[in-house]
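J.: Sharing a structure with you now.
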């Protein structure tokens with residue numbers, strides 16, 4: 039036997055704590071961007087895999103297939119057409135870079151623009167993963183409050199002016215304008231135009247994250263900011279994780295080629311996974327347009343199941359809206375509830391949730407707020423999970439007092 | 039029209055130069071880890087995709103399938119069995135982390151251990167991608183000379199002692215002991231044992247890269263360093279890029295779980311691509327053992343084609359060995375040849391090659407050396423490519439004087 043080797047003294051400074059061994063998903067899984075399992079288009083993916091591999095399988099022998107480092111060209115061509123019809127974006131396949139999930143997109147854009155000590159503006163409530171990446175980079179994310187239409191552009195302007203007085207120029211404004219995460223808000227075109235004007239005035243880029251924009255119940259959406267700005271000063275990221283399947287890890291960046299060319303210099307991974315790109319391109323060209331409305335119908339019904347369960351179990355103690363799309367609901371509980379503590383107690387009872395402070399720069403505002411994702415659990419699990427959550431919340435914080443019209447003690 | 043936005047002032051310091059638009063592969067492609075297109079097992083991959091998606095396709099709805107962040111469990115189980123029989127490694131599926139190519143493995147290990155200003159020992163001639171990543175991190179890679187058995191462990195010890203006197207402790211010793219890149223050397227077990235002893239004595243980790251170890255003509259190989267050290271103080275990376283197909287982007291790390299747990303904290307990509315992992319696992323369990331020898335037979339023949347073409351075109355002006363495996367040949371040309379200049383002139387004639395200095399820490403030693411990869415081009419292309427290369431070399435540097443026994447002027 040070899041003597042144990044102590045590697046701890048060799049670790050780089052700031053290495054995160056070790057992960058615990060994975061033990062399966064919680065019983066009531068309300069976190070993560072997981073999707074509805076019954077809507078994974080299994081047979082169509084098999085057909086797509088068979089067709090594309092028969093035709094082009096031998097190209098797997100070369101890095102990047104025959105498409106180069108920007109990703110499988112037929113997938114980029116599908117995207118160019120989809121972005122045109124869906125979001126009004128007039129880009130070509132050369133202005134699209136396929137990434138390993140939109141998360142790699144976020145990282146690449148951050149690598150391109152950010153260095154320690156930089157400032158960025160973000161939506162006060164925003165995607166927790168984007169927020170934690172910024173903090174890890176030593177960047178200062180300034181949260182701008184939202185209203186029912188999303189980012190308050192008047193406050194963006196005010197903050198940019200205030201920073202200008204201090205000699206600080208933020209690198210970008212990060213926004214999820216279409217089905218905002220976590221509030222579900224959709225920003226109208228008038229406000230988008232104002233945002234473009236303000237950003238240009240202060241020389242700040244807009245980083246538009248459209249990961250959820252396919253999931254809108256009525257299918258109607260404003261033009262993307264990228265489209266409205268002719269792509270000037272805007273970098274756009276999207277994903278197939280929410281519309282097809284999250285395990286696929288296929289996202290994309292759309293930007294002017296001079297920006298794509300810079301990002302390519304940073305994407306040192308010898309390309310994103312080829313099978314996923316090939317199979318997706320083959321599937322999407324035929325089925326994307328018909329697949330998404332079917333998925334949305336199920337998601338919209340699950341949202342209502344969740345809203346009804348919350349109303350039944352929490353009564354007036356839980357405040358929430360009726361978002362027009364997405365996979366999450368943003369909920370306000372009474373001020374007495376600390377959702378970070380609630381999350382721990384709930385997890386012990388098999389319920390996972392995102393406590394508000396992980397999804398906000400304003401920890402006090404978000405303290406009694408939480409995000410529940412509804413796409414993955416089936417309706418019965420949603421109902422039962424909310425019931426368990428209400429029980430835990432009552433036990434820990436004394437609210438809700440009544441559940442399902444039965445007083446509890 | 040929106041006014042053009044100048045993003046240049048917003049770029050992070052040190053951003054690499056923009057990439058040029060990809061224009062297809064060069065006609066005579068002797069670079070990159072590309073593989074033989076006729077050996078991509080297309081029908082078996084279709085069968086694997088069909089079987090695994092039918093059985094488990096719905097699990098694509100969750101990040102990480104049902105396997106958690108370490109990667110698709112059946113693939114890790116296949117690997118544990120393969121590493122046992124092939125390399126003598128007695129690890130479990132919990133001690134394996136699937137990565138997006140072994141390149142992500144390199145980056146994760148670097149993130150775990152390295153910070154700017156650190157020192158590492160590497161083989162003087164080594165994988166150019168590993169070298170450039172270290173330089174980019176601001177790490178000091180000290181090259182240790184090689185002989186026909188690979189890394190000179192006597193010189194490793196000497197360097198470690200010399201550094202110790204200066205108060206410097208390198209973080210790791212990076213080695214490709216089995217089919218060394220670019221020399222093709224295979225380190226014997228006696229030397230491996232010495233390396234383990236020396237590394238333990240100085241408290242330095244060994245980073246064992248076995249990307250090419252499946253590609254050995256006679257199928258015989260020493261036990262891995264990881265196996266001989268019972269995994270103590272060793273991190274092991276491997277890949278399916280060379281044995282199945284490079285476009286897949288599936289690699290892996292094997293290490294003690296406490297190290298895997300630390301690396302998991304750094305792998306913030308929501309998992310590697312699921313379809314690739316599922317299809318690979320299904321394929322490999324049935325076909326890996328029979329696939330690899332067939333591929334090796336073709337690669338061994340291509341190597342001889344390349345050697346014969348070099349002998350014919352360059353005569354005694356090109357010196358090279360007869361490596362026992364791999365996809366590359368390391369070649370010495372006359373001292374008058376500068377292979378960095380040769381690479382530029384050759385590319386203009388459609389021939390791509392790796393100039394020695396990109397693959398070595400000793401730029402003077404490597405100046406007239408180069409690496410040619412032979413797995414991708416077909417035999418006729420290899421012959422013609424070497425002929426074109428000899429013509430370019432003669433035009434630029436006056437050697438070789440004679441080609442194919444015909445004196446040139």
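Residue numbers (this note's numbering), protein chains in the order written: chain A, 39 to 447; chain B, 39 to 447.
All C-beta atoms, glycine included, are put in the ideal place defined by N, C-alpha and C.
1. Measure from the C-beta of residue 73/A to each C-beta in chain B and report whether the shortest distance is under 8 Å.
2. Within the continuous alpha helix (DSSP H) that includes residue 281/A, where are the two ends?
3. From residue 245/B to residue 293/B, what does the alpha carbon distance come to, in whole angstroms?
4. With distances taken from CA atoms, which of 134/A, 56/A and 221/A is nearest residue 5/A?
5. Let me know if residue 59/B comes out buried or exposed under the rule of 16 or more other beta-carbons within 10 Å of its beta-carbon.
6. If you check the beta carbons only, do residue 448/B and residue 407/B fall under 8 Å apart?
7. Using a beta-carbon distance cut-off of less than 8 Å, what residues from the region 287-313 of chain B approach chain A?
8. Say yes only if the C-beta of residue 155/B is nearer than 7 Å to one or more non-hydrogen atoms of the ligand NAD, and no if none qualify.
9. Can you tell me whether residue 73/B is buried or exposed? The criterion is at least 16 other CB atoms within 10 Å of its CB, across all chains shown.
10. Is the Cβ-Cβ distance between residue 241/B and residue 204/B less than 8 Å?
11. Less than 8 Å separating the beta-carbons of residue 164/A and residue 201/A?
12. Relative to the C-alpha of residue 143/A, which residue among 226/A, 309/A, 266/A and 52/A is closest?
13. Would you list, in chain order, the members of the region 398-413 of chain A that have their beta-carbon closer than 7 Å to a beta-carbon of chain D?
14. If you pair each beta-carbon of the region 209-219 of chain B with each one of the region 249-256 of chain B, do three or more pairs fall below 8 Å?
15. Please list the terminal residues of the continuous alpha helix (DSSP H) segment that includes residue 148/B.
16. What did DSSP end up calling residue 435/A once you bin it into helix, strand or coil?
17. Using the DSSP secondary-structure output, state which residues sit across from residue 399/A in a beta bridge.
18. State yes or no: is the C-beta of residue 89/B within less than 8 Å of the C-beta of residue 320/B?
19. For chain A, find out if any of its Cβ atoms is closer than 8 Å to the Cβ of residue 194/B; answer yes or no.
20. My parser needs the alpha helix (DSSP H) runs of 4 or more residues fully inside the region 247-282 of chain B; what are they?
21. Using DSSP with H/G/I as helix, E/B as strand and the rest coil, what is residue 52/B?
22. Output, in sequence order along the chain, the residues in the region 140-153 of chain A whose CB is closer than 9 Å to any CB in chain B.
23. Leaving aside the five residues before and after residue 281/A along the sequence, list all residues of the same chain whose C-beta is less than 6 Å from its C-beta, in chain order.
24. Contact defined as beta carbons within less than 8 Å: I believe residue 400/A pairs with residue 181/A. What is the distance between those atoms, to the nearest angstrom?
25. Anyone know if the C-beta pair for residue 365/A and residue 356/A falls short of 8 Å?
26. For residue 98/A, which residues in chain B fall below 9 Å Cβ to Cβ?
27. How would you write the range of the beta strand (DSSP E) that residue 160/B sits in, first residue to last?
28. Rounded to whole angstroms, what is the Cα-Cα separation between residue 268/A and residue 110/A?
29. Using a threshold of 8 Å, state whether the C-beta atoms of residue 238/A and residue 43/B are closer than that.
30. Would you mind telling me which residues of chain B sit closer than 9 Å to residue 10/A, beta carbon to beta carbon, in chain order?
31. What did DSSP end up calling residue 390/A once you bin it into helix, strand or coil?
32. Any beta carbon from chain B within less than 8 Å of residue 225/A's own beta carbon?
33. Specify the secondary structure class of residue 202/B as computed by DSSP and reduced to three states.
34. Do residue 391/A and residue 371/A have their CB atoms nearer than 8 Å?
35. Under 8 Å: do the region 224-232 of chain B and the region 161-177 of chain B share three or more Cβ pairs, one atom per stretch?
36. Residue 66/A touches chain B at which residues, Cβ-Cβ below 8 Å?
T.: According to the structure shown:
1. yes
2. Counting along the chain, residue 281/A falls outside any alpha helix (DSSP H), and DSSP gives it neither H nor E.
3. 10 Å
4. As displayed, chain A neither begins before 39 nor continues past 447, which places residue 5/A out of reach and without an answer.
5. exposed
6. Residue 448/B falls outside the range modelled here, since chain B spans only 39 to 447, and no answer is possible.
7. 287, 288, 295, 296, 297, 299, 300, 302, 303, 304, 306, 307, 308, 309, 310, 311, 312 and 313
8. Inclusion of the ligand NAD in the displayed structure is not the case, the ligand content being empty and no account of it being possible.
9. buried
10. no
11. no
12. 309/A
13. Considering every chain present, this structure includes no chain D. Its protein chains are A and B.
14. yes
15. 139-151
16. helix
17. Its beta-bridge partners do not exist; DSSP assigns none.
18. Taking 8 Å as the Cβ cut-off, residue 89/B and residue 320/B qualify as a contacting pair.
19. no
20. 263-266
21. Coil, per DSSP.
22. 141, 142, 145, 148, 149, 150, 151, 152 and 153
23. 252 and 330
24. 6 Å
25. no
26. 73, 75, 78, 80, 83, 282, 283, 284, 285 and 286
27. 157-161
28. Each residue's CA atom was taken as its position, placing residue 268/A and residue 110/A some 24 Å apart.
29. Yes, the Cβ-Cβ distance between residue 238/A and residue 43/B is below 8 Å.
30. Since the displayed chain A opens at 39 and closes at 447, residue 10/A lies outside it and no answer follows.
31. strand
32. Chain B, which has no Cβ nearer than 8 Å to the Cβ of residue 225/A, makes this no.
33. helix
34. no
35. no
36. The contacting residues do not exist; residue 66/A stays about 14 Å from chain B at best.
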